[in-house]
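Protein chains: 2
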Amino acid sequence: MADRAWQTVLEHIERDLLEGRLGAGDRLPSERELAADLGVGRSSVREALRVLEVMGLIRTATGSGPSSGAIVIVTPSGGMSALLRLQVAAQGFPLADVVQTRLVLEDAVAASLASADMRDTADAHRILDAMDADGLAAGEFLALDAQLHLALAESAGNAVIVSMMAGLRTAVESYVLAGSELIDDWDAMADRLRAEHRAIVAAIDAGDADAARTRIHDHIAGYYTATGLTPAGTD
Amino acid sequence: MADRAWQTVLEHIERDLLEGRLGAGDRLPSERELAADLGVGRSSVREALRVLEVMGLIRTATGSGPSSGAIVIVTPSGGMSALLRLQVAAQGFPLADVVQTRLVLEDAVAASLASADMRDTADAHRILDAMDADGLAAGEFLALDAQLHLALAESAGNAVIVSMMAGLRTAVESYVLAGSELIDDWDAMADRLRAEHRAIVAAIDAGDADAARTRIHDHIAGYYTATGLTPAGTD
DNA sequence: GTTACGCTGTGGTCAGACCACAGGAGGAGA
DNA sequence: TCTCCTCCTGTGGTCTGACCACAGCGTAAC
Chain L
1 MADRAWQTVL EHIERDLLEG RLGAGDRLPS ERELAADLGV GRSSVREALR VLEVMGLIRT
61 ATGSGPSSGA IVIVTPSGGM SALLRLQVAA QGFPLADVVQ TRLVLEDAVA ASLASADMRD
121 TADAHRILDA MDADGLAAGE FLALDAQLHL ALAESAGNAV IVSMMAGLRT AVESYVLAGS
181 ELIDDWDAMA DRLRAEHRAI VAAIDAGDAD AARTRIHDHI AGYYTATGLT PAGTD
Chain U
236 MADRAWQTVL EHIERDLLEG RLGAGDRLPS ERELAADLGV GRSSVREALR VLEVMGLIRT
296 ATGSGPSSGA IVIVTPSGGM SALLRLQVAA QGFPLADVVQ TRLVLEDAVA ASLASADMRD
356 TADAHRILDA MDADGLAAGE FLALDAQLHL ALAESAGNAV IVSMMAGLRT AVESYVLAGS
416 ELIDDWDAMA DRLRAEHRAI VAAIDAGDAD AARTRIHDHI AGYYTATGLT PAGTD
């Protein structure tokens, strides 16, 4: 009886996922049915489902019909974001480590994208153009910035890296926003960031992995240093 | 009232963490007290606590006294492992992406460790010696292997990367173990891995970042290819 | 002084009761 | 026959109350 009741439920569902009895789009049995099948109370079932929901594995909906109930989805970024955000809040993850990890992942994305046989930077170019709009507030600009980096990661095609980057970004979001307010001349910074973005994407399009890696590294490190989020010299 | 009751609880605790009212080692109020304070039912409080527990932010204990109740801890690896394992099970994370991400992180760890001013590879050497023991089963050997890689990551000092590597490792653990049984001559493979490990640590000790990066990359990629876990050519 | 008992508060669990909601079935009307 | 409306059903969301096992602490008995 080492297992607590909710763990029984979690393991049962995990096994179903692992062995293919459950997959994306499938509906889980109702909470009452699961409880009866597994011999636990409904509240224990709910605790397990809550965990799965926060981890981005299911979504729940009230009502009846095919789209109600608990349905298996796969949105890893949500769970990763929640996890990283909470750990940063609890100071299990120092901010500097988060930033450094982001650097590692971004470097790898840029390099792998630049040296890939096929690459599609159409999304990136679209976002680049959107960032040229006048009168963008810092928050809007930074949101587009996040989209750009995420779009590049998605082009690289690694789902794990995409969610990790999304999660890392979410975890430091409030700090980044706060940092942007410390910048004296935001318009000048925005222009600088725009130019750096263009240079990065150009290096990727040209297939120059080393340049892409260096440029994105300096781009991110430069911004964090400018906002004082990290002491100089991480990595 | 978009918030569901358990989200209210989660946000309340997250805010307490963020603003320093809660920190590692502190005790949360009892479930009944939290429920009364926030005006929700105890079951909703429990759902929120369950999430925090799985994410590695709290541990709970029955009984009375100072060590009972819900206590803030910080064990990010546990939560990361659970998240990655579940996502892999649900096929949100292709195995190849997990492996490739591990490569990216290990490369960065090796390079940063080799170029660090101070580095302590004593733990790594201890594990290396332990791996020389005769008659190790594949499972035991691989457990030590995991410890070695984790020890290196810890020496590099980035908590985020440590948990991510631990999580990635956990997520593919069963596959790695299954893969080891497909190897014809396990003893020969173990010898090869031992030699590669020694070479990696030697490069790190020598401060040769490029060599360390290359060697660890080939080491991991080679093993995964040998066990057929990934098609050749990732990264 | 030492030991043993019981009280208290904790999480863990279950059962039952509502509620709001969404969809489908079936009847009433055109 | 077709359309619209109503009611019923099953879903998750929540709360309440009730137990249980457990660990600590005070207190009474020795």
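Quick mapping for you: the protein sequence lines, in order, are chains L and U. Using my numbering, you'd call the opening residue of the first sequence number 1 and step up by one each time. Using my numbering, you'd call the opening residue of the second sequence number 236 and step up by one each time. The C-beta atom is built at its ideal place from N, Cα and C for all residues, glycine as well. If you're wondering where the values come from, they're calculated on a predicted model, not measured in any experiment.
For GLY457 (chain U), the enclosing alpha helix (DSSP H) begins and ends at 444-461.
The beta carbon of ILE248 (chain U) sits closer than 8 Å to the beta carbons of LEU257, LEU263, ALA283 and LEU287 from its chain, once the five residues preceding and following it are set aside; these are given in chain order.
Residues of chain U whose Cβ lies closer than 8 Å to the Cβ of GLY23 (chain L) are, in chain order, ALA325 and GLN326.
Contact check for THR227 (chain L) against GLY179 (chain L) passes: the beta carbons are separated by less than 7 Å.
A direct Cα-to-Cα measurement between ARG15 (chain L) and LEU319 (chain U) gives close to 15 Å.
Per DSSP, the unbroken alpha helix (DSSP H) holding GLY314 (chain U) starts and ends at 311-324. Under the 10 Å beta carbon count, ASP272 (chain U) is surrounded by fewer than 16 other beta carbons and is classified as exposed.
Taking C-beta atoms as the reference points, ALA190 (chain L) and PHE141 (chain L) count as a pair closer than 7 Å. Note on the region 327-352 of chain U: whole alpha helix (DSSP H) runs with a minimum of 4 residues are 330-349, in chain order.
Positions of the beta strand (DSSP E) runs, each at least 3 residues long and wholly inside the region 281-311 of chain U, are given as 293-296 and 304-307 in order along the chain.
ARG27 (chain L) has L:ILE71 as its beta-bridge partners, per DSSP.
Contact between the region 292-299 of chain U and the region 326-339 of chain U is absent, with fewer than three C-beta pairs closer than 8 Å. For ILE183 (chain L), no Cβ of chain U is located within less than 7 Å of the residue's own Cβ. Segment contact: the region 154-171 of chain L against the region 102-122 of chain L, three or more CB-CB distances shorter than 8 Å; contact assigned.
Membership of ASP187 (chain L) in the alpha helix (DSSP H) is indicated by the continuous run 186-205. Every alpha helix (DSSP H) stretch that sits fully inside the region 138-175 of chain L and reaches 4 residues is listed by chain position as 138-156. Interface with chain U (7 Å Cβ-Cβ cutoff): ILE161 (chain L) is included. In the three-state scheme derived from DSSP, where H, G and I count as helix and E and B as strand, ASP367 (chain U) is classed as coil. Chain-order list of chain U residues neighbouring LEU18 (chain L): ALA324, by C-beta distance under 8 Å.
By the Cβ neighbour-count rule, LEU417 (chain U) is exposed, with fewer than 16 other Cβ atoms within 10 Å of its own.
DSSP, read as helix, strand or coil, puts LEU34 (chain L) in helix. Between ARG429 (chain U) and ALA345 (chain U), the C-beta gap is not smaller than 7 Å, which leaves the two residues out of contact.
Here ILE13 (chain L) carries a helix assignment [DSSP, helix/strand/coil]. Identification of residues in the region 38-58 of chain L having a C-beta nearer than 7 Å to some C-beta of chain U yields SER43, ARG46, GLU47, ARG50, VAL51, VAL54, MET55 and LEU57, given in sequence order. Using a C-beta cut-off of 8 Å, the region 81-95 of chain L makes no contact with the region 61-69 of chain L, since fewer than three inter-stretch Cβ pairs fall below that distance. Within 10 angstroms of the beta-carbon of SER409 (chain U) lie fewer than 16 other beta-carbons, which makes it exposed. Looking only at L:HIS149, L:GLU11 and L:VAL162, the smallest Cα-Cα distance to GLY78 (chain L) is reached by L:VAL162. Ranking L:ALA151, L:GLY222, L:SER155 and L:GLU106 by CA distance to the CA of MET118 (chain L) puts L:SER155 first.
Nearest to LEU177 (chain L) by C-alpha distance, out of L:GLU106, L:TYR223 and L:LEU17, is L:TYR223.
Looking at U:GLU266, U:ASP342, U:ASN393 and U:ASP261, the one whose alpha-carbon comes closest to that of ILE455 (chain U) is U:ASP342.
Take ARG267 (chain U), set aside five residues on each side of it, and the residues of its chain with a beta-carbon closer than 7 Å to its own are ARG277, in chain order. With respect to ALA359 (chain U), LEU17 (chain L) sits apart: the two C-beta atoms are not nearer than 7 Å. Around THR297 (chain U), the same chain offers SER303 as residues with beta carbons nearer than 8 Å, after the five sequence neighbours per side are excluded. A distance below 7 Å between beta-carbons, with the five flanking residues on each side excluded, links ASP205 (chain L) to the following residues of its chain, in chain order: THR121. Between the C-alpha atoms of SER30 (chain L) and ARG46 (chain L) there is a straight-line separation of about 10 Å. Taking 7 Å as the threshold, the shortest C-beta distance from VAL98 (chain L) to chain U falls below it.
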